[in-house]
Structures are given as C-alpha cells and as structure tokens.
Amino acid sequence: MNITIVGPGAIGSLWACKLHQAGHNVSLYSRSTNKRLSIKLDNLPEISFHNNDAQRLQQTDILLITVKSWQVESALLPLLDKIDSKTILLFMHNGMGAVDDLNSQISHFPIVLATTTHGALKPYAQCVLYTGKGQTQIGAYNDLGQQCSFLADVFNHALPSAVWNSDINTALWNKLAINCAINPLTALHQCKNGALAQPQFQIEIQEIVTELVQVMKANHIQADEKSLLNTIYNVINATAENYSSMHQDIHHKRNSEIDFITGFLIKAAAKHHIELPKNRALYESIKQIENNWQSEE
Ligand code: KPL
C-alpha cells in the first residue's frame with residue numbers, strides 16, 4: 001500500500017521502518033525541507049524515505065498522522081486539498097479531542113484512531129530505537145472508517161500485535177486514564193515512571209483515579225477503580241525505566257499534551273458538572289510551567 005507518515009517522531013519513525021520492511025511504499029511528511037530523510041532502526045541499515053513529495057501524497061492510501069495531539073490541526077490542514085478523498089486518515093497520538101476539534105473539516109474522509117503501547121525512542125534525528133514490545137489497537141472514528149478493519153492485518157503484519165477494536169473509544173479512555181495518572185506527576189516531580197510506585201504517591205494516584213472513574217462512568221465508559229488502579233500500576237512497573245512523554249516535553253521546554261490529556265478530562269467532566277480538584281490542580285501546575293516559559297520568551 002502507499003502509506004505516508006505525517007510527523008516522523010519516535011513512533012512515526014518506528015512505523016515507517018516496520019511498514020517499509022513489510023513491503024509497503026512508505027513516504028514521510030515532516031517539517032524538514034529535505035527531499036529525502038534517512039532513518040536507521042536499531043542496528044539495521046538505514047532506510048531512505050521520500051519526504052514532502054506532493055505526488056506520493058496524492059497517491060497515498062493511508063495517511064498515518066503521528067504528530068503530538070496539539071500539532072494535529074496545523075500538520076493536517078495544509079495537506080487536505082492535496083490528498084484523495086478516499087485516503088484513510090489514521091491518527092495515533094496520546095490524549096483525546098484533537099480529531100473532534102477537526103471533525104467538521106475532515107468528516108468526508110474515512111477516519112480511524114489508534115493507540116499503541118509499543119515503546120520507541122529517537123535519540124537523534126536519523127535513528128529510532130525500538131525499546132519495548134506492545135500492542136496496537138485500531139478502530140473506526142466515523143462510518144467510513146468502519147470499512148477499514150483490514151488495517152489491523154496491515155499493521156499486525158508490519159509490527160505485531162495489532163488488533164481491530166470495534167470500541168476504540170473505550171481503549172482511548174483507558175489510555176487517557178493511564179496518561180492522566182502518570183504523565184503530570186512524572187513531569188512535576190521530574191522522575192521516571194517507576195518512581196510513582198513509591199508509597200508517597202499512593203494517595204495522589206488514588207485521588208486521580210477516583211475522579212477519572214466518575215468522569216468515565218458519566219461518559220458511559222465502563223470503569224472500576226480497583227482494576228484501573230491495577231492497570232496503572234502495571235504500566236508504572238512495565239515502563240519503570242522510562243521518562244514519560246510529558247516529563248520529556250517539560251524537561252526540554254516543549255509544549256506538553258496536557259490540554260489533550262488532563263485538559264480533555266476536565267472538559268468532559270464539566271459537561272456533567274463534575275468537579276475534579278486533584279486533576280485540575282495537576283493541570284494548572286503544568287500550565288503554569290508552560291506559561292512561565294512563554295513569559296520568559
Ligand atoms: O504513554 C505514555 C507516555 O509517556 O506518554 C506512558 C504509557 C506513560 C509511558 O511512558
């Protein structure tokens with residue numbers, strides 16, 4: 001298939017290499033002005049991809065958008081009049097709400113959402129390391145997207161395991177819950193994910209989860225405090241040596257995804273008049289750090 005990856009960061013680069021190895025015709029779209037970009041996956045020989053090639057974009061079957069949630073709109077809007085209306089838009093990022101914000105402009109395309117737990121690290125521009133095996137769940141966002149369940153086979157063949165989930169919204173809410181618990185705390189305490197297993201964080205994590213479950217239930221997402229806590233501690237332990245994406249963003253003074261993680265949760269709660277004192281405090285602390293850099297500039 002012809003696949004274009006918009007935003008070859010760590011996860012985008014991992015998929016670019018894996019889909020290329022699986023025999024697909026992969027090209028990239030990025031901020032770089034180079035016509036070709038090379039990426040080396042682990043110790044394998046580097047692969048040279050076409051970058052920002054309008055003709056390849058026009059012929060693309062799948063547009064895999066792996067930019068950060070707050071970059072989705074600015075990365076995608078300029079490409080819309082350059083792609084065929086049958087092109088599948090496949091979004092893979094942390095957080096929720098970015099596609100809702102754009103929906104009125106893209107609803108005529110098949111739209112598919114994905115969430116992955118594969119680990120990838122991009123230590124420098126031309127290199128990506130596959131740091132942890134995970135699972136990818138893919139599911140339809142709109143009616144046209146319902147016809148795209150074959151994508152699970154395409155992605156599973158390239159990098160197992162990938163499954164089609166007919167209730168992707170629940171999968172995304174569960175990933176959101178994990179990110180709400182781990183990301184702001186690790187960014188504020190400047191620690192690895194594993195540090196959150198220490199007893200001093202237990203009450204805070206419990207409070208975050210109690211609020212999450214209230215909002216999930218109000219949004220008709222099945223949620224149970226005990227099993228959600230269990231899932232979160234499993235991720236904390238499985239990714240103990242990782243720095244969360246929000247920790248890395250804040251550490252490098254980049255915009256974080258807080259508006260699409262805790263911010264999305266707060267907006268969803270407000271629709272049901274639910275107060276979230278713990279999550280709101282975390283949201284405001286991260287926003288304050290970001291605002292301080294802006295006023296320094
Ligand atoms: O998704 C993640 C992130 O860092 O954004 C987790 C699951 C917390 C792993 O680090």
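Letter 57 of the sequence shown, counting from 1, is numbered 57 in full-length UniProt numbering, and no numbers are missing. Ideal Cβ placement from N, Cα and C applies to all residues, glycine included.
Excluding sequence positions up to five before and after glutamate 225, its CB lies within less than 7 Å of the CB of Val209, Thr210, Val213, all in the same chain and listed in chain order. At least one heavy atom of the ligand KPL lies closer than 7 Å to the C-beta of isoleucine 182.
Short of 8 Å from the beta carbon of valine 215, and not among the five residues preceding or following it, lie these beta carbons of its own chain, in chain order: Leu265, Ala268, Ala269, His272, Ile274, Leu276. Taking 7 Å as the cut-off, the C-beta of asparagine 279 does not count as close to any heavy atom of the ligand KPL.
Beta-bridge analysis with DSSP links isoleucine 3 to Val26, Ile62.
When distances are taken from the beta-carbon of valine 235 to the heavy atoms of the ligand KPL, the shortest one is below 7 Å. Secondary structure at serine 285: helix, using DSSP grouped into helix, strand and coil.
Between histidine 50 and arginine 36, the gap from beta carbon to beta carbon is short of 8 Å.
Of the heavy atoms belonging to the ligand KPL, none sits nearer than 7 Å to the Cβ of asparagine 255.
Using a Cβ-Cβ distance cut-off of 8 Å, the stretch 163-178 and the stretch 38-49 are not in contact, since fewer than three pairs of beta carbons, one from each stretch, lie closer than that value.
About 6 Å separates the Cβ atoms of glutamine 137 and isoleucine 168, confirming a contact at the 8 Å cut-off. If you look at histidine 108, you'll find it isn't in any beta strand (DSSP E); DSSP assigns it neither H nor E. Taking the Cα of asparagine 292 as reference, the smallest distance to any Cα among Lys278, Asn279, Asp259, Asn255 is reached at Asn255. For the pair tyrosine 283 and isoleucine 258, the CB atoms are nearer than the 8 Å cut-off. Isoleucine 205 and serine 227 have their C-alpha atoms spaced approximately 13 Å apart. Under the DSSP assignment, tryptophan 173 falls in the alpha helix (DSSP H) whose first and last residues are 168-188. Per the C-alpha coordinates, the member of Asp100, Ala140, Gln105 positioned closest to alanine 114 is Ala140.
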